[in-house]
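Down below is the structure, laid out as structure tokens.
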Amino acid sequence: MMVPLWENIFRSDRRAKTLEAALRGNLLFRDLTAREIRLVQQIVNVRTYAPGEPVFQQGEIGVGMYIIVQGSVDVTTEEHARANQAPQNQFITRLSNGDFFGEIALVEEAGRRTATVTAREESVLIGFFKPDLMEIVNRNPGAGVKILLGLSKVLGTRLAETTAMIRSLKLNDRIEA
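Here the working numbering = 1-based position in the sequence shown + 956.
Here is the structure:
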């Protein structure tokens, strides 16, 4: 069955608007102009993951970040209780529409993934990789600076949250002792 041309045009227009909304809603891209967002849209990779399909595995070299456009993913780690035991999967969190993960890979040199991320259901993700970032920095330095500032804010916020969790755990350890 042939699909009318206008139906394909509307479908691609809806896809572009969805992609634009996902980028604009992300802290890294929030301050970009409409023109800069269009540049990013041309560069990023969009992919659909099947339920149970890994986005990446713990221990792999990270190359970029992902934004969830539709669906959800589970974040797990492999923990070794003892040297002679098989690793146990530890559920960390579930992420869904609008959430993003893996952004540290944009600034690390050959850093390894600290968790496994797996699609929980059919999920559409935007992949933004280190070469994509470098292309934007080279083609439009102003947009590159805005993205890097957004990335700095995200990493700073996540570091502060992690520090607060560590303090809380240490406080709980002292109370229990």
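Just so you know, even glycine gets a beta-carbon here, dropped at the ideal spot from N, CA and C. Just so we're clear, the structure is a prediction, and the values are computed from it rather than from any experiment.
How about residue i and residue j: do their beta carbons lie closer than 8 Å?
i	j	result
S1028	R1050	yes
Y1022	F1056	yes
I1092	L984	no
S1079	I993	no
A978	I1082	yes
R1123	L995	no
V1101	E1059	no
L988	A1116	no
Round the Cβ separation of residue i and residue j to the nearest angstrom and send it over; I've been treating them as touching at under 8 Å.
i	j	result
G1018	G1067	5 Å
G981	R1069	Not quite, the Cβ-Cβ distance comes to about 24 Å (not below 8 Å), so this is no contact.
N1045	T1032	5 Å
D1088	G1020	7 Å
Return helix, strand or coil for residue i, following the three-state DSSP convention.
i	result
P1010	strand
E963	Its pLDDT being 48, under 50, E963 is placed unreliably in this model, and the value from its coordinates should be taken loosely. It is helical.
R1003	strand
T1033	strand
V1025	strand
N1128	helix
Q1046	strand
G1020	strand
R986	coil
Q998	helix
G1015	coil
_Any 3 or more C-beta pairs closer than 8 Å across the stretch 993 to 1001 and the stretch 1045 to 1064_ = no
_Any 3 or more C-beta pairs closer than 8 Å across the stretch 1010 to 1029 and the stretch 1066 to 1074_ = yes
_If we require 3 or more residues per run, which beta strand (DSSP E) segments fall completely within the stretch 1048 to 1105?_
1072 to 1075 and 1079 to 1085
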